[in-house]
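Single-structure report; data block below.
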Amino acid sequence: QKEVEQNSGPLSVPEGAIASLNCTYSDRGSQSFFWYRQYSGKSPELIMSIYSNGDKEDGRFTAQLNKASQYVSLLIRDSQPSDSATYLCAVTGVTGGGNKLTFGTGTQLKVEL
Amino acid sequence: SAVISQKPSRDICQRGTSLTIQCQVDSQVTMMFWYRQQPGQSLTLIATANQGSEATYESGFVIDKFPISRPNLTFSTLTVSNMSPEDSSIYLCSVAQGGSGANVLTFGAGSRLTVL
Numbered sequence: 001q002k003e004v005e006q007n008s009g010p011l012s013v014p015e016g017a018i019a020s021l022n023c024t025y026s027d028r029g030s031q032s033f034f035w036y037r038q039y040s041g042k043s044p045e046l047i048m049s050i051y052s053n054g055d056k057e058d059g060r061f062t063a064q065l066n067k068a069s070q071y072v073s074l075l076i077r078d079s080q081p082s083d084s085a086t087y088l089c090a091v092t093g094v095t096g097g098g099n100k101l102t103f104g105t106g107t108q109l110k111v112e113l
Numbered sequence: 114s115a116v117i118s119q120k121p122s123r124d125i126c127q128r129g130t131s132l133t134i135q136c137q138v139d140s141q142v143t144m145m146f147w148y149r150q151q152p153g154q155s156l157t158l159i160a161t162a163n164q165g166s167e168a169t170y171e172s173g174f175v176i177d178k179f180p181i182s183r184p185n186l187t188f189s190t191l192t193v194s195n196m197s198p199e200d201s202s203i204y205l206c207s208v209a210q211g212g213s214g215a216n217v218l219t220f221g222a223g224s225r226l227t228v229l
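In order, the protein sequences belong to chains A and B.
Quick note on our numbering: the first sequence kicks off at 1 and runs consecutively.
Quick note on our numbering: the second sequence kicks off at 114 and runs consecutively.
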C-alpha cells in the first residue's frame, strides 16, 4: 500500500464547476496535511494546509480532513482554466520526527472552457 | 516566504559524469531538503541537509551517489555522481517555513537533468 494515494486523473471539469480532489494516507499518526499545485514544468507551490479534522476554507479552496478515515480532500469552487494543473497531496509522517513530507503521485486537473 | 535560487535550471550530461546543483536561500533556514521528481512521478525525498551535520538520507539514496554540502544556513549543494540515464530527473531544493516544524515547504524552481 502506498503511503499517500491519489487518483492520477486526469479529472476534467467544466469552467465554473466544483472540482473535488481526494487523497488517502496510510500512516494513522500523520499530523499535517498539505495540498500543493504544480503547473507543468514548474515547481510545486503550497495552496492549502490543514491540521485538524473538519473543513478549512481559503477563497475558492476548501480542504477537508477526516483522520478517522485517513482521508483528505480539496474542493475548488468556480473552477477556472488557470486551475488546470497537477495537485499533490502531502502528509507528514510520524517517522523522522514528524518532519518528513510524503507526497502522493498527484491528480491532474483539467478545467475546460 | 523564502526565495530560493537554484542552478543550473537544466543541463544535459554524459553518462558517468557528475553534476553539482546549487541552492541559495534569501534567508537563514535550519532545514533544507532535496527532492527528486522523475518524469510523470511525484516528489521523492532524497535527503535532509542540516547546517553543521551530515545530511540524513532516505531509504534508497546513499551519500556516495548524492553527496550533499551545507556550509551555512543559506546555501546547499547536491551532487549527482557517476550519472546514468536513470538519474534523468528534476531535482528540487526546498526549505521549511513555519515555526511549528519543518512541514511547510517552499521549493526552488528545480534543476532538470538529462543524462545521455
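Where a beta carbon is used, it is the ideal one built from N, C-alpha and C, also for glycine.
Please name the residues in the segment 47–61 of chain A whose beta-carbon is closer than 7 angstroms to at least one beta-carbon of chain B, in chain order. Residues passing the 7 angstroms Cβ filter: Ser49.
Any beta-carbon of chain B closer than 7 angstroms to the one on A:Asn7? A:Asn7 does not count as touching chain B.
Please classify B:Ser189 as buried or exposed, where buried requires at least 16 neighbouring CB atoms within 10 angstroms. Classification of B:Ser189: buried, given that the 10 Å Cβ count is 16 or more.
Report the CB separation of A:Phe33 from A:Ile50 in whole angstroms; it is logged as a contact under 8 angstroms. With 8 angstroms as the limit, A:Phe33 and A:Ile50 qualify as a contact, their Cβ atoms being about 5 angstroms apart.
Measuring CB to CB, does B:Ile134 end up less than 7 angstroms from B:Tyr204? Note that the C-beta distance between B:Ile134 and B:Tyr204 is below 7 angstroms.
Let me know the secondary structure DSSP gives B:Asp200 once reduced to three states. DSSP places B:Asp200 in the helix class (H, G or I) of the three-state scheme.
Spatial neighbours of B:Ala215 within its chain, please: CB distance less than 6 angstroms, with the 5 preceding and 5 following residues excluded, ordered by chain position. Residue placement at B:Ala215 is flagged as unreliable, the pLDDT there being 45, under the threshold of 50; the coordinate-derived value follows with that caveat. Excluding residues within five positions, the ones whose Cβ falls inside 6 angstroms are Met144, Ala209.
For A:Glu112 versus A:Pro14, is the C-beta distance shorter than 7 angstroms? For A:Glu112 and A:Pro14, yes; Cβs fall inside 7 angstroms.
Over the uninterrupted beta strand (DSSP E) stretch that includes B:Ala160, give me the two end residues. Looking at the DSSP string, the run of the beta strand (DSSP E) that includes B:Ala160 is 156–163.
On the DSSP letters alone, give me the boundaries of the beta strand (DSSP E) that B:Ser118 sits inside. First-last of the beta strand (DSSP E) with B:Ser118: 117–120.
Counting only C-beta atoms, is A:Ser40 closer than 7 angstroms to chain B at any point? No, its Cβ sits nowhere closer than 7 angstroms to a Cβ of chain B.
Of all Cβ atoms in chain A, is any one closer than 7 angstroms to the Cβ of B:Gly223? Using a Cβ-Cβ cut-off of 7 angstroms, B:Gly223 counts as an interface residue toward chain A, since at least one Cβ of chain A sits closer than that to its own.
Per DSSP, B:Phe220 forms a beta bridge with which residues? B:Phe220 is bridged to B:Ser207.
In whole angstroms, what is the alpha-carbon distance linking B:Ser213 and A:Arg28? At B:Ser213, the pLDDT of 48 sits below 50, so the modelled position is not reliable and the matter cannot be decided from this model.
Option nearest B:Val193 by Cα separation, candidates B:Thr169, B:Phe220, B:Thr227: Closest by alpha carbon: B:Thr227.
Are the C-beta of B:Phe220 and some C-beta of chain A separated by less than 7 angstroms? At a cut-off of 7 angstroms between beta-carbon atoms, B:Phe220 makes contact with chain A.
Segment contact flag, the segment 170–179 of chain B with the segment 115–125 of chain B, C-beta cutoff 8 angstroms, min 3 pairs: The segment 170–179 of chain B makes no contact with the segment 115–125 of chain B, as fewer than three CB pairs between them are under 8 angstroms.
Which complete beta strand (DSSP E) runs does the segment 62–103 of chain A hold, if anything under 3 residues is left out? As far as the segment 62–103 of chain A is concerned, its whole beta strand (DSSP E) runs of at least 3 residues are 71–76, 85–92, 101–103.
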